[in-house]
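Participant: Residue 710 in our numbering is what sits at position 38 of the sequence shown, and the numbering runs on without skipping anything.
C-beta: ideal position from N, C-alpha, C; glycine also.
Pasting in a structure now, in structure tokens, and then I'll have a few things to ask.
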Amino acid sequence: MSQRDYIPIDVDDLPEIFEIELADITFNFGVSYNAVGDSFTVDLYDEDLNPIILGEKLVLNHRLWAYVNDDRLPAVDLVPMDESGQATAVNAETFGRTVFLMIDDIDPTDDLSSDDYVGIGEDGGNDDGG
């Protein structure tokens, strides 16, 4: 059972663009698959399909748009994660099966399933001096 909500994406019907509401704002979300690189990308559009950010690659446990400062971005953290801890990458074998694009609204200190989550200010280190 998933700890977080996730954005349902039909990986067998890509590319696709769909409307989604995040933090009470409507966005259009495009998802594509790159067979050469065995990777997935996300395009983010506003409600009127004006591009905000195009071609953001999904990287396991890395927050989308982590280093982009743009007021038009969703006010929620979206992170491709495998809460079972099985996957090591986001690819055709894992995405939509064990890896999902999660709405990461759980405090990382409360999340026991992901030791390698990478968010802003999270270095994965410990406090025992080691």
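By how many angstroms is the C-alpha of Gln758 removed from the C-alpha of Ile697?
Facilitator: 33 Å
Participant: Between Val740, Ser711 and Ile778, which has its C-alpha nearest Phe767's C-alpha?
Facilitator: Answer by Cα proximity: Ser711.
Participant: Taking contact to mean 3 or more Cβ pairs, one atom from each stretch, closer than 8 Å, check whether the region 732-742 and the region 677-695 are in contact.
Facilitator: no
Participant: Thinking just about the alpha-carbon of each residue, which of Leu773, Phe701, Asp682 and Ser756 is nearest to the one in Ile689?
Facilitator: Phe701
Participant: Could you tell me the boundaries of the beta strand (DSSP E) in which Val748 lies?
Facilitator: Segment: none, Val748 is in no beta strand (DSSP E) and carries neither H nor E.
Participant: Decide if Glu693 is buried, meaning its Cβ has at least 16 other Cβ atoms within 10 Å, or exposed.
Facilitator: exposed
Participant: So Asp776 and Arg735 are in contact, right, with Cβ under 8 Å, and what is the actual spacing, rounded?
Facilitator: 7 Å
Participant: Within 10 angstroms of the Cβ of Glu755, are there 16 or more other Cβ atoms? Answer buried if so, exposed if not.
Facilitator: buried
Participant: Skipping 5 residues on each side, what residues in its chain have a beta carbon closer than 7 Å to that of Ala761?
Facilitator: Leu732
Participant: Identify, in the order they occur along the chain, each residue of the same chain with its Cβ nearer than 6 Å to the Cβ of Pro752, setting aside the five sequence neighbours on each side.
Facilitator: Leu730, Leu732, Val762, Val771 and Leu773
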